[in-house]
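In what follows, a single structure is set out as structure tokens and then discussed.
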Amino acid sequence: MTGTTPSGHAQSRRLLMHEYLRRSALWAQACGAEDAWPFFDVTEYLDARLQLPSELAAELDQLLTKAAYGARKTCGAGVRLAELRAQGNTGLEESGRRRTR
1 MTGTTPSGHA QSRRLLMHEY LRRSALWAQA CGAEDAWPFF DVTEYLDARL
51 QLPSELAAEL DQLLTKAAYG ARKTCGAGVR LAELRAQGNT GLEESGRRRT
101 R
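Shown next as structure tokens:
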């Protein structure tokens, strides 16, 4: 049987967390949200008026009903950022830098 060892999983998780923290720091700096870093909803800084379509919001609520608070907040933030990107309203490049107009 082949597969990743438990220590391999731990290394992968460390690398993923490191990358999350790096990207989150870029977003926080670009949005002036350093005090909220590392776990924050960047959409609150990019477009505080963003509303998910009602069907999507209901589905998200249903999926996250039994999730822990941190997971609900993080997953919800990810879905809101995806919606904001789909609308083309982030005002940021992928790197987290503000676009110049």
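Using our numbering, you'd call the opening residue of the sequence shown number 1 and step up by one each time. Beta carbons are placed, not taken as given, at the ideal position from N, Cα and C, and that holds for glycine. This structure is a prediction, so every number in the text was calculated from the model and none was measured.
Where the alpha helix (DSSP H) through residue i begins and ends
| i | result |
| --- | --- |
| residue 79 | 69–87 |
| residue 29 | 6–31 |
| residue 57 | 54–63 |
| residue 43 | 43–46 |
Distance CB(residue i)-CB(residue j) smaller than 7 Å
| i | j | result |
| --- | --- | --- |
| residue 45 | residue 31 | yes |
| residue 43 | residue 15 | no |
| residue 72 | residue 64 | yes |
| residue 67 | residue 41 | no |
Residue i beta carbon near the ligand GTP (any heavy atom closer than 6 Å)
| i | result |
| --- | --- |
| residue 19 | This structure simply doesn't include the ligand GTP, nor any ligand for that matter. |
Burial state of residue i, where buried means 16 or more other Cβ atoms lie within 10 Å
| i | result |
| --- | --- |
| residue 28 | buried |
| residue 100 | Note that residue 100 scores a pLDDT of 45, beneath 50, so its modelled location is shaky; the value from the coordinates is reported in the next line. By the 10 Å Cβ count, residue 100 comes out exposed. |
| residue 12 | exposed |
| residue 39 | exposed |
| residue 1 | With a pLDDT of only 47 at residue 1, under 50, the local geometry of the prediction cannot be trusted, and the value read off the model is given with reservation. That one is exposed. |
Closest by C-alpha distance to residue i, when choosing among the options
| i | options | result |
| --- | --- | --- |
| residue 103 | 68, 41, 39 and 79 | Residue 103 lies beyond the range of the chain shown here (1 to 101); nothing can be said about it. |
| residue 89 | 50, 6 and 70 | 50 |
| residue 86 | 18, 58, 68 and 52 | 52 |
| residue 74 | 5, 24, 9 and 18 | 24 |
Presumed contact (8 Å Cβ cut-off) between residue i and residue j, rounded CB distance
| i | j | result |
| --- | --- | --- |
| residue 47 | residue 84 | 6 Å |
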